[in-house]
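If you're matching positions, the sequence shown starts at 280 in my numbering and goes up one per residue.
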Amino acid sequence: MGNTILYAILFLWVKIHAILPLPVLFVLSDILYFFIYYVARYRKKIVGNNLKNSFPDKTEKELRKLERRFYHHFADYIIETVKLAHISQEELLRRANIRNPELIYDLLDRGHTCFILMMGHYGNWEWFSGVTARFEGRATIYQVYRPLSNKAFDRLFMYLRTRFHSFGIKKNDTVRDMIRLKRNGTPALLPFLADQTPSKANLHYWTMFLNQESAILTGPERIAKKLDMPVIFADAIKVKRGYYTVDFRLITDRAGETDEFRITEEYTRLMEKTILRDPAYWLWTHKRWKHKRTD
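Here it is as structure tokens:
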């Protein structure tokens, strides 16, 4: 009962704010930035350490400027995610534009049905959960997600992410559901936010990433190799406030034949390149380097 009431309150709050036009919401975002950065100081120590370790050549002044730009964007990300509750699909497609969907069409024409999309917490990844219409009925987005411990928030995020006819796949059900989709010949694009920290039980691959030795998720590669699925990287760009683009880049269409960890390494290099283009738009608040490699 408690979760149901909390969900109703959250849903009503989000819906009321989502009705507001984005220019108004961005004014609220500026206020939210001040509160998060100067009052709540949300994860400032984590963000500061992450930036300092990733960019050892930057001065303190440069790091503080980058930090403030990140928190401005982080506030925008929150507001833009709230807007998902009311934004039309036409406006969303205009603001979250996939520039080369023909890459998917070409792979479909060559007989592939299921694809792994490797992306990161860059720009606004939530907005791209609603771009199924970009593929003109030829493919559907199935989002791989880890259920939140709070049931009310989990239900709210699932509502926002599936408003535009995409579907959710729980992380623990991924392999089973992907086998089913491929067996049924269902055209499916499965995004993985692959820049997360692996669990302690899955520290299988280490490489240099943003000037630090980093454990990289290998799950997407293992699934791609097991099911011989094409792997695509989503290169996100924040064009300006409230506008994003993504360019698809094919990592491989023969995953089953690739050397071990080649897909993971290539994703890491591409993700790093995206971040270095403008670091302010990556999610610096997460504890990306909480594991350290030992002998």
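Beta carbons are placed, not taken as given, at the ideal position from N, Cα and C, and that holds for glycine.
Are the beta-carbon atoms of residue i and residue j separated by less than 9 Å?
{"i": "threonine 392", "j": "threonine 465", "result": "yes"}
{"i": "isoleucine 448", "j": "leucine 482", "result": "no"}
{"i": "alanine 513", "j": "phenylalanine 432", "result": "no"}
{"i": "tryptophan 563", "j": "isoleucine 325", "result": "yes"}
{"i": "histidine 365", "j": "alanine 297", "result": "yes"}
{"i": "valine 410", "j": "isoleucine 377", "result": "yes"}
{"i": "methionine 550", "j": "methionine 397", "result": "yes"}
{"i": "glycine 521", "j": "arginine 389", "result": "no"}
{"i": "isoleucine 554", "j": "glycine 399", "result": "yes"}
Taking just the CA atoms, how far does residue j sit from residue i?
{"i": "proline 335", "j": "serine 493", "result": "16 Å"}
{"i": "proline 302", "j": "glutamate 405", "result": "19 Å"}
{"i": "phenylalanine 471", "j": "valine 318", "result": "33 Å"}
{"i": "lysine 362", "j": "arginine 417", "result": "27 Å"}
{"i": "aspartate 456", "j": "glutamine 422", "result": "11 Å"}
{"i": "tyrosine 384", "j": "phenylalanine 414", "result": "8 Å"}
{"i": "proline 558", "j": "glutamate 346", "result": "9 Å"}
{"i": "isoleucine 295", "j": "phenylalanine 527", "result": "35 Å"}
{"i": "leucine 330", "j": "lysine 552", "result": "16 Å"}
{"i": "arginine 425", "j": "alanine 467", "result": "19 Å"}
{"i": "histidine 352", "j": "phenylalanine 305", "result": "10 Å"}
{"i": "isoleucine 495", "j": "proline 380", "result": "27 Å"}
{"i": "isoleucine 420", "j": "phenylalanine 446", "result": "6 Å"}
{"i": "lysine 323", "j": "histidine 565", "result": "11 Å"}
{"i": "arginine 442", "j": "lysine 344", "result": "36 Å"}
{"i": "phenylalanine 540", "j": "leucine 299", "result": "46 Å"}
{"i": "lysine 519", "j": "arginine 440", "result": "22 Å"}
{"i": "glutamate 339", "j": "valine 525", "result": "32 Å"}
{"i": "leucine 382", "j": "phenylalanine 488", "result": "27 Å"}
Classify residue i as buried or exposed, calling it buried when 16 or more other Cβ atoms lie within 10 Å of its own Cβ.
{"i": "leucine 291", "result": "exposed"}
{"i": "lysine 480", "result": "One detail in the question is off: residue 480 reads as alanine in this sequence, not lysine. Exposed: under 16 other Cβ atoms inside 10 Å."}
{"i": "serine 333", "result": "buried"}
{"i": "serine 478", "result": "exposed"}
{"i": "serine 428", "result": "exposed"}
{"i": "glutamate 369", "result": "exposed"}
{"i": "glutamate 359", "result": "buried"}
{"i": "aspartate 574", "result": "Low confidence applies to aspartate 574: its pLDDT is 48, below 50, so where it sits in the model is not reliable enough to give any reading."}
{"i": "arginine 556", "result": "exposed"}
Go through its chain and collect everything with a Cβ distance to residue i's Cβ below 6 Å, but skip five positions before and after it.
{"i": "arginine 572", "result": "Trp485, Glu492"}
{"i": "aspartate 355", "result": "Ser308"}
{"i": "glycine 402", "result": "Ala515, Lys517, Tyr523, Tyr560"}
{"i": "leucine 285", "result": "Ala431"}
{"i": "tryptophan 568", "result": "Gln491"}
{"i": "valine 293", "result": "Val361, Ala364"}
{"i": "tyrosine 321", "result": "Ile315"}
{"i": "histidine 444", "result": "Thr411"}
{"i": "arginine 282", "result": "Reading the sequence as shown, one finds asparagine at residue 282 and not arginine. Lys430, Ala431."}
Residues in the same chain with beta-carbon distance under 7 Å from residue i, minus the five sequence neighbours each way, listed in chain order, please.
{"i": "tyrosine 350", "result": "Tyr312, Ile315, Tyr316"}
{"i": "alanine 503", "result": "Ile395, Val510, Ala534, Ile542"}
{"i": "tyrosine 575", "result": "This structure does not reach residue 575, given that the chain is present from 280 up to 574, and the question cannot be answered."}
{"i": "aspartate 452", "result": "none"}
{"i": "valine 454", "result": "Ile502"}
{"i": "lysine 450", "result": "Val423, Tyr424, Arg425"}
Quick one: residues in its chain with C-beta nearer than 8 Å to the C-beta of residue i, no 5 flanking neighbours on either side, listed in chain order?
{"i": "leucine 289", "result": "Ala431, Phe432, Leu435"}
{"i": "asparagine 490", "result": "Asn332, Ser333, Phe334, Pro335"}
{"i": "leucine 342", "result": "Gly327, Leu330, Lys331, Phe334"}
{"i": "leucine 387", "result": "Arg417, Ala418, Pro466"}
*asked:* I'd like to know if the region 493–511 and the region 538–552 are in contact, where contact means that at least 3 CB-CB pairs between them fall below 8 Å.
replied: The region 493–511 vs the region 538–552: in contact.
*Is it true that the region 525–540 meets the region 457–464, where meeting means three or more beta-carbon pairs spaced less than 8 Å apart?*
No: fewer than three Cβ pairs fall under 8 Å.
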